[in-house]
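These notes are about the structure you will find just below.
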Amino acid sequence: MKSIAKWMAVTLISGSAFMVTAQASDVGLKERQSIENALKPLLNGPVGTLDIQSTPINNLYQVKLGFDIIYVSGDGNYLMQGQMMDLQTGVNMTAAAVNGDRKAIIDSIPESSMVVYPSDKNAPKQSTITVFTDIDCPYCRKFHKEIPALNKAGVTVRYLAFPRSGPNTDSYFKAVSAWCAEKPAETLDKLMNGAEVDKKSCQNPVNQHMQYVRELEINGTPNIILEDGALLPGYVESQKLIPRIYN
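Its first residue numbered 1, the sequence shown is counted upward by one per residue in full-length UniProt numbering.
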């Protein structure tokens, strides 16, 4: 229950109720009310409208709490946390639901706000990864050196800025300088290699990228998001990442 405990702690600290817009589903009114009433004690305020979906298991319902998923019985008496697998298809249904939500957010971000390293179009396969990066993060710099191998394998790498030290810090201004440069990719290459660049300022997306960090519950760098919304936290070398991308 570690994730649920974390979610409850954040909710209690924020002092606000957890509310989302429910998607269309075949959840009955009685079951919805039972589940909402059961979750009320876990929240500091009214439950609001939860995203509750039926599952293939009779009387067991999926409830989304941000990027956490729990399962609650229709009478509200039982709560489970874990992964639901479809053994017939091999699909991790829990991960698929979370990845779909993450993918929707990533797909809504304009690529024009990213620093993009395009793939070799002659590669037999093509894919795209989106990476939250911090210029002063050692493992981000290590990952950056993997980009040529990824591009050669047909993988386009798109960067979003996540200066973990926060706004108005040295890392933040480095990110702004890169995104404001005439040639952002070349400038980012220099910064990732420890070189100094001219400090620049302009209307830039760095603050917005940091908002996406909060929405996606990103807590470190580099964070790699695949086309299907799957998240790979931390540094992954290209030899291991490429098979995962094309799996």
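Glycine is no exception: its CB is placed at the ideal position from the N, C-alpha and C atoms.
Classify ARG164 as helix, strand or coil using the three-state DSSP reduction. DSSP places ARG164 in the coil class of the three-state scheme, outside both helix and strand.
Per DSSP, PHE132 is paired with what? Partner residues in the beta bridge of PHE132, as assigned by DSSP, are LEU160 and ASN223.
ASP51: first and last residue of the uninterrupted beta strand (DSSP E) it sits in: Segment 51-54, the beta strand (DSSP E) holding ASP51.
Specify whether the stretch 154-169 and the stretch 117-131 touch according to this definition: at least 3 beta carbon pairs, one from each stretch, less than 8 Å apart. Cβ pair count under 8 Å is three or more, so yes.
Under DSSP, the beta strand (DSSP E) around ILE69 begins and ends at which residues? Residues 68-73.
Distance between ASP75 and VAL116 (C-alpha atoms, nearest Å): So the two alpha carbons sit approximately 49 Å from each other.
On the CB-based measure, 16 or more other CB atoms within 10 Å of its CB, does GLY229 come out buried or exposed? The residue in question, GLY229, is buried, as its Cβ has 16 or more Cβ neighbours within 10 Å.
Please report the distance separating the alpha-carbon of MET1 from that of ASP51. Per-residue confidence for MET1 stands at a pLDDT of 45, beneath the threshold of 50, marking its modelled position as unreliable; the derived number appears in the next sentence. So the two alpha carbons sit approximately 19 Å from each other.
PRO167 versus VAL176: straight-line alpha-carbon distance, rounded: If you take the alpha carbons of PRO167 and VAL176, they lie about 10 Å apart.
Identify whether THR21 lies in helix, strand or coil by the three-state DSSP scheme. Any answer about THR21 is weak, because its pLDDT of 39 lies below 50 and its placement is not dependable; what the coordinates show is given next. DSSP places THR21 in coil when its eight states are reduced to three.
Look up VAL63 in the DSSP assignment and say whether it is helix, strand or coil. DSSP places VAL63 in strand when its eight states are reduced to three.
Suppose you measure from the CA of THR21 to the CA of GLU227; what does that come to, to the nearest Å? Residue placement at THR21 cannot be trusted, given a pLDDT of 39 that sits under 50; what the coordinates show is reported in the next sentence. In a straight line, the C-alpha of THR21 is about 25 Å away from that of GLU227.
Kindly provide the ranges of any beta strand (DSSP E) runs that are 3 or more residues long and lie completely inside the stretch 94-141, ordered along the chain. Complete beta strand (DSSP E) runs here, min 3: 115-117 and 127-133.
Closest Cα partner of PRO41 within the set SER113, TYR246 and ASN77: If we check each option's Cα against that of PRO41, ASN77 comes out closest.
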